[in-house]
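S.K.:
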Amino acid sequence: MALTPEQILNKHFQTTQFRKGYDERDVDDFLDEIVAEMRTLIAQRDDVTQQLDDCRSGRGLGAVQDGGAAPVDASQAEATQARVAELEARLGQLQGQEQEAQGRLAKVNTDIANAETFLKDRQGAVDQSVQERLDGAERTAREATEAKQAAEARIAELERQLESAHSGHQEASSAGEEAQTQLREQLTAAEQRAEQEQARADAAQQQVQQLQQELEAARTSAPAEAAEGETATGAMRAVAAGAGGGASAAALIELAQRLHDEHVGQGQAKHDELVSEGQRQHDELVAAAQSRHDELLGTGQSEHDRLIAEATARHEELVTTAQSRHDELLGTGQSEHDRLIAEATARHEELITEGRERSTGMIAEAQQKKARVLEELEDEKQKLQKKIDQLRGFERSYRQQLRSYLQGQLQELEQTAVEGGGEPEPAPAESH
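Mapped onto the working numbering, the consecutive letters of the sequence shown carry residue numbers 1 to 432.
(1) What did DSSP end up calling N10 once you bin it into helix, strand or coil?
(2) In three-state DSSP terms, what is E185?
(3) Just to confirm, are H458 and A82 a CB contact at a threshold of 8 Å?
(4) Measuring only the C-alpha atoms, how far is Q390 from L384?
(5) Cα-Cα, which of G355, A342, Y398, L307 is closest to A151?
(6) Would the segment 339–355 and the segment 110–128 be scored as touching if the rule is three or more Cβ pairs under 8 Å?
(7) I'd like to know whether the C-beta atoms of E197 and H304 end up nearer to each other than 8 Å.
(8) Which residue from Q182, Q334, D338, K107 puts its Cα closest to that of R133?
(9) Okay, do the segment 279–293 and the segment 174–193 touch, 3+ Cβ pairs below 8 Å being the bar?
(10) Between A69 and I42, what straight-line distance do the alpha-carbon atoms span, to the nearest angstrom?
(11) For T320, does the count of other Cβ atoms within 10 angstroms reach 16, so buried, or fall short, so exposed?
(12) Would a C-beta distance cut-off of 8 Å place L187 and G278 closer than the cut-off?
(13) A113 to Q149, Cα distance in whole Å?
(14) Using alpha carbons as the reference points, say which of R139, A366, E354, A156 lies closest to Q93.
(15) To the nearest angstrom, report how far apart R56 and T49 are at their CA atoms.
(16) Leaving out five residues before and five after L330 in sequence, what residues of the same chain have Cβ atoms less than 6 Å from its Cβ?
(17) Around the C-beta of G300, are 16 or more other C-beta atoms found within 10 angstroms, so that it is buried, or is it exposed?
(18) Buried or exposed for S388, please, with buried defined as at least 16 other CB atoms from any protein chain shown within 10 angstroms of its CB.
(19) Closest to D54 by C-alpha separation, out of E37, D32, A85, would be which residue?
(20) From Q123 to T312, what distance separates their C-alpha atoms?
(21) So, for E419: in the same chain, excluding its five sequence neighbours on each side, which residues have a beta-carbon less than 7 Å away from its beta-carbon?
(22) If we ignore side chains and look at the alpha-carbon of each, how far apart do T145 and A289 end up?
(23) How long is the line joining the alpha carbons of E380 and Q411, rounded to whole angstroms?
(24) With a cut-off of 8 Å on the beta carbons, I'd call Q457 and A251 a contact; round off their distance for me.
(25) Whose C-beta lies closer than 7 Å to the C-beta of R314 among residues of the same chain, with five residues either side of it excluded?
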């Protein structure tokens with residue numbers, strides 16, 4: 001087992017029975033020097049071992065097996081530590097180059113992402129432009145449809161006006177028929193009045209005939225009977241009284257006949273006048289209504305035809321314009337969309353190809369550097385392993401020599417104590 005400073009400090013020596021076998025101060029000083037030297041060597045060895053373990057762990061290798069506490073040459077430990085520091089510096093430099101390559105690769109990936117974002121933005125802008133143009137074409141088509149609907153509404157309005165004209169004609173016809181009916185009623189009333197006058201004339205004629213008969217009877221009868229005839233016929237007395245009593249029978253008959261003729265003539269004239277007036281008004285109303293009807297019908301039909309022609313022409317013009325504009329915008333938008341898509345795709349492929357080439361080159365370069373570094377580290381590892389083996393051999397040899405030296409010193413002390421015959425004082429349990 002390796003000798004440690006604690007074991008040297010805690011070492012107990014056998015004492016003689018008669019005298020002191022050694023000088024305690026000298027033994028203690030010597031042990032202190034041994035302990036200090038061994039602690040320095042062990043600290044240097046532990047430091048170098050820790051640095052080697054850190055280097056190996058950074059490369060993914062296992063730690064060096066601890067072979068126990070052993071002294072190490074200070075110059076060799078310093079050289080090993082300097083070599084390890086140099087390797088760590090080169091490793092840091094290579095790691096920096098690898099990080100730089102990763103940064104360049106990240107930049108290339110960022111450029112590719114930016115190109116894809118630009119492609120998406122341009123494609124979105126093209127889609128929006130095409131959509132806006134399509135919306136404009138749809139608005140033009142809607143305006144054409146609205147114009148057609150307005151023309152149809154105007155046509156419907158004219159048709160309503162035409163129907164109103166027809167209804168006005170019908171009303172005029174109704175008014176003419178009503179006037180004709182009124183004239184017919186007036187004519188009927190005039191005929192009734194004429195019939196009444198005729199009846200009155202007939203009654204007067206009957207009275208005249210009766211008077212003639214009575215006159216003839218009076219002529220043939222006696223004068224005495226004339227008084228009875230006067231009492232029997234009140235009408236004759238009234239006529240005779242109206243005539244002043246001096247008129248003759250012939251005068252009465254002539255008067256009655258004249259009255260009859262006058263009444264009949266007035267009735268016939270009134271009848272003819274009313275009939276002619278009704279026919280005239282009927283003809284005027286029918287002619288005015290027919291003229292108004294023809295005028296409204298001709299105006300409405302011509303206006304209807306004109307508006308229908310204008311609306312149809314306007315509708316065809318708007319539909320043709322909207323369709324041509326729609327086709328033009330659709331073709332322009334599609335060609336622009338295809339062009340932008342082709343440019344963006346080519347740019348995207350170019351950036352991706354460039355990024356892949358740069359990435360492949362940087363990765364290959366980094367892998368080559370990594371392989372060289374690993375190879376150099378492996379060589380350094382083997383060299384360090386050889387130095388560690390040499391240091392361990394030196395440690396074992398130094399430990400053996402130290403043990404032999406200490407055992408020789410102890411034997412000399414024991415022999416000196418035996419030869420002197422003195423009893424040595426017991427060795428202290430611990431120097432410090």
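From the three backbone atoms N, C-alpha and C, an ideal C-beta is built for every residue, glycine too.
This one's a predicted model, so the numbers in the text were calculated from it and none came from an experiment.
M.R.: Per the coordinate set shown:
(1) For the purposes of this step, residue 10 is taken as residue 10 along the sequence shown, with counting starting at 1. Coil.
(2) Position 185 of the sequence shown, counted from the start, is the residue given in the question as residue 185. Reduced to three states, the DSSP call for E185 is helix.
(3) Since the first residue of the chain shown is 1 and the last is 432, residue 458 is not available in this structure.
(4) The residue given as residue 390 occupies position 390 in the sequence shown. The residue given as residue 384 occupies position 384 in the sequence shown. Straight-line Cα distance between these residues: approximately 9 Å.
(5) Position 151 of the sequence shown, counting from 1, holds the residue named residue 151. Of the candidates G355, A342, Y398, L307, the one whose C-alpha sits nearest the C-alpha of A151 is L307.
(6) yes
(7) In the sequence shown, residue 197 corresponds to position 197, counting from 1. In the sequence shown, residue 304 corresponds to position 304, counting from 1. No, these two residues do not count as a Cβ contact at 8 Å.
(8) Here residue 133 corresponds to residue number 133 of the sequence shown, with the count starting at 1. That would be Q334, whose Cα lies nearest to the Cα of R133.
(9) The segment 279–293, when compared against the segment 174–193, does touch it at the 8 Å Cβ threshold.
(10) For the purposes of this step, residue 69 is identified with residue 69 of the sequence shown, where counting begins at 1. For the purposes of this step, residue 42 is identified with residue 42 of the sequence shown, where counting begins at 1. For A69, the predicted structure reports a pLDDT of 40, less than 50, and the residue's modelled location is therefore unreliable. A value from the coordinates is still provided. Answer to the nearest angstrom: the Cα atoms are 6 Å apart.
(11) On the sequence shown, residue 320 is found 320 positions in, with the first residue counted as 1. Per the 10 Å Cβ criterion, exposed.
(12) Here residue 187 is taken as the residue at index 187 of the sequence shown, counted from 1. Here residue 278 is taken as the residue at index 278 of the sequence shown, counted from 1. Closer than 8 Å, so yes.
(13) Along the sequence shown, read from residue 1 onward, the residue named residue 113 stands at position 113. Along the sequence shown, read from residue 1 onward, the residue named residue 149 stands at position 149. Between A113 and Q149, the C-alpha separation is close to 52 Å.
(14) The residue you call residue 93 lines up with position 93 of the sequence shown. The residue with the shortest Cα to Cα distance from Q93 is A366.
(15) Here residue 56 refers to the residue found at position 56 when the sequence shown is read from its first residue. Here residue 49 refers to the residue found at position 49 when the sequence shown is read from its first residue. Distance between the alpha carbons of R56 and T49 is about 10 Å.
(16) The residue given as residue 330 occupies position 330 in the sequence shown. Excluding positions up to five away in sequence, the list is empty.
(17) Position 300 of the sequence shown, counting from 1, holds the residue named residue 300. By the neighbour-count rule (16 or more Cβ atoms within 10 Å), G300 is buried.
(18) For the purposes of this step, residue 388 is taken as the residue at position 388 of the sequence shown. In the sequence as displayed, the identity of residue 388 is Ile instead of Ser. The residue is buried, with at least 16 neighbouring Cβ atoms inside 10 Å.
(19) Counted from its first residue, the sequence shown places residue 54 at position 54. Of the candidates E37, D32, A85, the one whose C-alpha sits nearest the C-alpha of D54 is A85.
(20) Against the sequence shown, residue 123 aligns to sequence position 123. Against the sequence shown, residue 312 aligns to sequence position 312. Taking the straight line joining both Cα atoms gives about 41 Å.
(21) As a working mapping, residue 419 is identified with position 419 in the sequence shown. Contacts found: none.
(22) Stepping through the sequence shown from its first residue, residue 145 is reached at position 145. Stepping through the sequence shown from its first residue, residue 289 is reached at position 289. Each residue's Cα considered, the two are about 40 Å apart.
(23) On the sequence shown, position 380 is the one that residue 380 refers to. On the sequence shown, position 411 is the one that residue 411 refers to. Straight-line Cα distance between these residues: approximately 45 Å.
(24) For residue 457 there is no data in the structure shown, the boundaries of the chain being 1 and 432.
(25) In the sequence shown, counting from the first residue as 1, residue 314 sits at position 314. Only A147, A151 meet the Cβ criterion.
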